[in-house]
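Mature numbering (1 follows the signal peptide of the UniProt record, and there is no 0) puts the sequence shown at residues -20 to -1, 1 to 482.
Report on one structure; see the data block that follows.
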Amino acid sequence: MKKYLIIASLSLIFGMISCSDDFLDLESPTKLTIDDYYTTEARIYEALIAAYSPLEWFDWGQGEYNPINIMSDVMGDDMWSGGSSATDNESWHLQANYSVTPIKVMSGIWTSAYKGVHRCNNVMYYMPGVTDIDDATKNLYEAEAKVLRAYYYSLLWKFWGAVPYYTTNLTDPYVSGKSPADDVYEGIIADLEDAITNGGLPMKQTNASLDGRVTLATAYMIYADVVMYQNDDSRYAQALAYMKGIIADGSYSLTDDFADIWTEDGEWNDECIFAINYFNDGASRSWSNPYYAGGTVLPQLISPYGLVDGTDGFNQGWGFGPVREAVYDMYDDGDTRRDATVLDAREYSYTERYEDTGFWLKKYCARTGYNDGQIADAQLNYGNDLRIYRYSETLLNAAELLIQTGGSTGDAQTYLDEVRTRAGLTAGSATVSIDNIITERRLEFVGEGKRYWDLIRSGKAASTLTAGEYRTVSWTSNKKYLPIPDTEISASDGQLEQNTDY
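Here you go:
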């Protein structure tokens, strides 16, 4: 799908806003105070679009490189951390070994997510002062902000559990204690339920210029995601209804060829429910200005080091995130997902680095031409969108929730078979069950940031994430949450308590 370029900037509260694709067009507010500025529909729209921008910052991670998919998957059993040594991007290695400390823990996701929360809160805070907006548009903008806020908090909740939770931005001295993890979860649910009920969100964007904006289907997927992770059986029926709603609507469908999902032409196809937009043509992200609009550094991070650019259509990278050999070996004969998911570089000429396996995440590897047209730093400006929710997950969620709620096993089998037959496998070759769905999710979502959380919610983490090879420490339940970054504890003036066991 064609990417649309907008070059724009605006200073809001803090930081430099960056946002890709053509739903951003801003004017400078420097002559007005913030309170005086957000009084028109056009300007509150700017605040809404600003709330999307932190989505693009996770890959850079405030200089720590914390792409949300990889930071999840290195803690699972599909990827190693890689790099030049165990101290290269040390937080990755410590996280993968369940040995991370408050000083060494990644803080980029924490910081970017809270910047996103702040900007979502701004939309709600300033909306009452907007004088020229109709009710439908007001409800839509607030719904988008609430879905985004729910997503930002869902990341904080999964990684850290009990975190500061607020829906009105903090005032001087800008510190807050933690809310219990269950309260954060309820806050996420409340935002989603309000947006779903009152927001007028479309099931799918039908205008390509709006690709990247959240939809009703996005809200449904986040809802199912957090409900299933919480193992909240009181809400399984509602989550199932939402999955069935997406299926029945007919706006989404599986891409015929799994490999096509990961190409530029496959972005925002009918399988894509939500993704983080990046672009390369005219991209201006640079080492000195990483918040500028543009591409992503993820492909550069996770591609073979020293590979000759253009080798079979791929470029060299920094050698982080090698895929485990067990992943390559786990696919059945004829499963087309293997060669679309994993780049087998064992016969390529490149420089092997730490934890090298010869296998790389083909879904997001640096593809030749995907950073062409950038006007700043090529390594930071690959145009690969980061897929967050795909229709295949809707089908697998529906199958799992049908089993959990005592629903039709025939329908559940049909949903599972849809995913498997797309991959070239025979319908009925895997009998529908919770265990088989968890296995299928692994096959389908390697490198998409799903596996680690699936192991935790299914109760399989302790038996699966054991010491071996490069991992010397086994996962235990007290490692479910990461330590809060020490910088946040220090800045809180004693109000923010460290997580237990750190």
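Beta carbons are placed, not taken as given, at the ideal position from N, Cα and C, and that holds for glycine.
With fewer than 16 other Cβ atoms from the protein chains shown falling within 10 Å of its own Cβ, T13 counts as exposed.
Between F339 and L323 a beta carbon distance of about 7 Å is seen, short of the 8 Å cut, so the two are scored as contacting. Counting the other CB atoms within 10 Å of its CB gives I83 a total below 16, which places it among the exposed residues. When the beta-carbon positions are compared, P270 and L360 come within less than 9 Å of each other. Between the alpha carbons of E173 and C100 lies a distance of about 16 Å. Along the region 178 to 257, the beta strand (DSSP E) occurs as fully enclosed runs of 3 or more residues at 252 to 256, listed in sequence order.
Within the DSSP secondary-structure output, G297 pairs in a beta bridge with Y285. In the structure shown, the three-state DSSP call for F38 is coil. CA-to-CA, the gap between G63 and L405 works out to about 35 Å.
Counting of Cβ neighbours within 10 angstroms places S87 among the buried residues, the total reaching 16 or more. Assigned with DSSP and collapsed to three states, F425 falls in helix.
In this structure, the alpha-carbon of L28 lies about 48 Å from that of E327. In the three-state DSSP reduction, G56 falls in the coil class, being neither helix nor strand.
The secondary-structure analysis by DSSP pairs L323 across a beta bridge with W340. Inclusion of R400 and A410 in the CB contact set at 9 Å is warranted, their separation being smaller than that value. A Cβ-Cβ distance of about 7 Å is found for the pair F254 and M201, placing them in contact under the 8 Å criterion. Straight-line spacing of the CA atoms in E335 and M59 works out to 10 Å. Apart from the 5 residues on each side of it in sequence, W455 sits with its Cβ closer than 7 Å to the Cβ of Y78, A441, A442, L445 in its chain, given in chain order. DSSP lists R451 as the bridge partner or partners of G448. D162 sits exposed, since fewer than 16 C-beta atoms from the chains shown fall within 10 Å of its C-beta.
In this structure, the straight-line span from the alpha carbon of P108 to that of A123 is close to 15 Å. Around the beta carbon of E449, fewer than 16 other beta carbons lie within 10 angstroms, which makes this residue exposed. Per DSSP, R265 has no beta-bridge partner at all.
Taking the Cβ atoms as the reference, A76 lies roughly 43 Å from G180, outside the contact range of under 8 Å. In this structure the region 274 to 287 does not lie against the region 375 to 384, because fewer than three pairs of beta carbons, one per stretch, are closer than 8 Å. Straight across, the Cα-Cα distance linking G429 with N249 is about 20 Å. V143 is bridged by DSSP to S159. With a threshold of 16 other beta carbon atoms within 10 Å, N178 falls short and is exposed. Residue pairing for L366: DSSP places it in a beta bridge opposite I256. As for any alpha helix (DSSP H) of minimum length 4 sitting wholly inside the region 64 to 130, the runs are 70 to 76, 88 to 106, ordered along the chain. With respect to L423, D315 sits close: the two C-beta atoms are nearer than 9 Å.
Leaving aside the five residues that flank M55 on each side, the residues in its chain whose CB is nearer than 7 Å to its CB run, in chain order, Q75, A76, Y432.
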